[in-house]
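> For the sequence shown, full-length UniProt numbering puts the final residue at 567, and the numbers step up evenly by one.
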Amino acid sequence: MFPDNPSIWRLPNEILAEIARLCQIPQEQFLSFEAPFSTPLSSSLLNLSLVCKQWNDLVSSHSPIESIAIRSSAQALRIAEAAKTSNVARRLRCIRLEGGFDQPGALRDIFIAARSGANPCGIEFMYLSLAVTVGHDVDGLRHALEDLDLRRLAWDVGYSYTHFTVAASRATNAVYSVIPKWSRLARIDFGRDFFYPRPSVDHYTFHSPTLREIHLDLLGLSNADVHFPGFFDTLHRMPQLATIYCRDAYNPALLEKHMVATNWPILEKMVFSGGIRTLNFFQNPNNAARVPPIVWGKIFKFATHVRHPGDICFEWSGAYRESVEHNVNITRLNLILTCKVFKRYGVFKGFDNLLELDLRYSFLNFDEFQGSIADRDAFPRLCQLYIEDCHPNVTLLFSKMNLPCLMEVGLEAQSATGSTVAFLEAHGPSLDLLYLSKADATCTWQRPLLDLCENLQELHLSGPQLPSKINLTVPGTVQHNFATLNILKLGTDTHVNATWNGFISSLPFDDLVNFTTIQVPISWPVTQPEIAMKSPWIHRVKALTDMKVQATLVDEDGAAWNRFIEL
């Protein structure tokens, strides 16, 4: 879209509301230290620019904005003026503050306007980066921040040590002085380089009676030795603090130097995302004993944490950046290390409270373990399990285990060894959601999928061979639970698209009495060849809509678009 084109403002209100909705960047991305809209090619940046340039024109009182990024003084003034003369900020909950610090009055107007709307608490989530041009009205900035009552603060530095100014130093200390006044603050994320030595900054003179989580870079903090002991002494004086998430590795030497010597049980509160810092740590077999069991458990839970069906997502952007810099997949490293522990101490011991498990690496092969070695009741609370790119023995191992709480599963549909079918025969009746991928020429399913998973509600399919390899149900068999079909990946081949289309057209909708939704990943057609290729899907959606099925075409960002066309 082109912000300077006046014809934009003649768009229907429904489309304008959809654009405003797409501007609502997810909170985890909006507060990330890796800004998702920091490149000119990012659609999110274009959306935010559109909102900032035509705030009053785009956002009506019926579709107020919930998040905004401020990067300049002019932008802060413009948004403050709009916030005072309209209701566009009445639901503002999340702000990314990277500029405008020399206009504290404008910032305060925005904060107050957000608090006067539907949410009396106002802005709850803030990304704060004190840039070089922080301004000299530090008292005004402090007064503006005192008008907030944040629940979460992501705090970064926008300057290097050599450019750290006196004003930036005073502003940093001002933020520390405001933190105790935020009565709902539950989490602080510190940036990767936040703790490098800065002149005239008291990094550990703050207190919060409500703080529950700290996210930080342990290695960066260790580089500022003068702050390291004092910072953790500060955390020690906050007994309500439950968890300290470390974006880097478990470093035995560092912890022994600073924490074990002080006899503070900090390990019980710390979670590490980067495995073991020293890659040759296990060359000495005695080193495994130096890693406390609680650390092993937390490393394993991070390495196997499930975020979305068919996808692995790092919780900490620092872990991903570190994996790129060192050409090491951090999750893979964690799993290798935990597998070493498995081989020494047995398989799957001590994870009674594990809820989510993700195993998707080809090196994971438990063939040297007999089924009797694994505790069949090792995962009494496991709800989500994803197995992909692993040896079939891994799937067979889990098919023999007792998983009474299992509800969501992701598997490969390959059945040359029968491992997938064996798993579904054992656990299929308890499943609510199933994700299937990667069928191949050996995939020969004998039983219908809904016969194996009789209570299944959602099915996610990804793979060009799947529609020709599996049968959903036998015609004439009434299914009362199945409601949603989500096709995650179609492929670019015309024949494959036709196969998928035929698969959907052959579904026995009369037998699927509670079936409501189909989602198909097809981007908006632009060229004539695209229109020719995608028109069968558009007609299929129209036919399904006539059958009272909510059929949706979505683009790569997940935005539905078929309701904007004449079907």
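Beta carbons: idealized from backbone N, C-alpha and C, even for Gly.
Have a look at residue 547 and residue 474 and give me their C-alpha separation to the nearest angstrom.
20 Å
> Under DSSP, the alpha helix (DSSP H) around residue 78 begins and ends at which residues?
73–85
> Residue 467: which of 488, 476, 218 sits nearest, CA to CA?
488
> Ordered along the chain, which non-local residues of its own chain (more than five positions away) have a Cβ less than 6 Å from that of residue 138?
170, 171, 174
> Are residue 519 and residue 485 closer than 9 Å when you measure CB to CB?
yes
> For the segment 404–492, which segments carrying the alpha helix (DSSP H) assignment without a break, of at least 4 residues, lie completely within its bounds, in sequence order?
Segments of the alpha helix (DSSP H) lying fully in the segment 404–492: 419–427, 449–452, 466–469.
> If the criterion is Cβ atoms closer than 9 Å, does the pair residue 396 and residue 379 meet it?
no
> For residue 124, which residues in the same chain have their Cβ closer than 8 Å to its Cβ, ignoring the five residues on either side in sequence?
93, 94, 149, 150, 151, 152, 184
> If residue 145 and residue 178 are in contact, beta carbons under 8 Å, what's the gap, nearest whole angstrom?
The beta carbons of residue 145 and residue 178 sit about 5 Å from each other, so the pair counts as a contact at 8 Å.
> Quick check on the burial criterion: 16 or more other C-beta atoms within 10 angstroms. Buried or exposed for residue 42?
Residue placement at residue 42 is poorly supported in this model, since its pLDDT is 42, which falls under 50; the coordinates are not used for a value here.
> Of all the options 192, 188, 218, which has the alpha carbon lying nearest to the alpha carbon of residue 206?
188
> Is it buried or exposed for residue 271, if we count other Cβ within 10 angstroms and need 16 for buried?
That one is buried.
> Is the distance from the Cβ of residue 436 to the Cβ of residue 470 below 9 Å?
yes
> Can you give the Cα-Cα distance for residue 514 and residue 477, rounded to whole angstroms?
It is roughly 13 Å from the alpha-carbon of residue 514 to the alpha-carbon of residue 477.
> Taking its Cβ as the centre, do 16 or more other Cβ atoms sit within 10 Å of residue 192, making it buried, or is it exposed?
buried
> If I'm right that residue 453 touches residue 472 with Cβ under 8 Å, what's the distance once you round it to whole angstroms?
About 10 Å separates the two Cβ atoms, so there is no contact after all.
> According to DSSP, is residue 143 helix, strand or coil?
Here residue 143 sits in helix by DSSP.
> Just tell me which of 90, 385, 68, 141 has its CA closest to the CA of residue 101.
141
> Does residue 480 pass the burial test, meaning 16 or more other C-beta atoms within 10 Å, or should it be called exposed?
exposed
> Alpha carbon to alpha carbon, how far is residue 510 from residue 326? Give it in angstroms, no decimals.
Because the pLDDT of residue 326 is 42, which lies under 50, any placement of that residue in the model is unreliable, and the question is left without a value.
> Based on Cα-Cα distance, which residue from 136, 376, 89, 103 lies nearest to residue 114?
That would be 89, whose Cα lies nearest to the Cα of residue 114.
> Roughly how many angstroms lie between the CA atoms of residue 408 and residue 399, to the nearest whole one?
14 Å
> With distance defined between alpha-carbon atoms, name the residue in 553, 120, 68 nearest to residue 107.
68
> Go ahead and pull the three-state DSSP assignment for residue 513.
Looking at residue 513 - three-state DSSP - the assignment turns out to be coil, as it is neither helix nor strand.
> Tell me whether residue 183 sits in a helix, a strand or coil according to DSSP, three-state version.
coil
> If distances are taken between C-alpha atoms only, which option among 194, 136, 98, 215 comes closest to residue 128?
98
> Do you know offhand how far residue 461's Cα is from residue 354's?
Spanning the alpha carbons of residue 461 and residue 354 requires a straight line of approximately 26 Å.
> Per DSSP, what kind of secondary structure is residue 243 in: helix, strand or coil?
strand
> I'd like to check one pair, residue 438 with residue 412: are the Cβ atoms closer than 9 Å?
The criterion of a C-beta distance shorter than 9 Å is satisfied by residue 412 and residue 438.
> Please report the straight-line C-alpha distance between residue 30 and residue 405, rounded to a whole angstrom.
When rounded, the distance between both Cα atoms is 34 Å.
> List the residues that DSSP assigns as beta-bridge partners of residue 155.
128, 190
> Pull the bridge partners of residue 270 from the DSSP assignment, please.
Per DSSP, 244.
> Any chance you could list the beta strand (DSSP E) runs of at least 3 consecutive residues sitting entirely within the segment 90–119, in chain order?
94–97
> Measure how close the beta-carbons of residue 464 and residue 501 come, nearest whole angstrom, since I'm counting them as under 8 Å.
Wrong, their Cβ atoms sit about 13 Å apart, outside the cutoff.
> Look up residue 69 in the DSSP assignment and give the residues it is bridged to.
96
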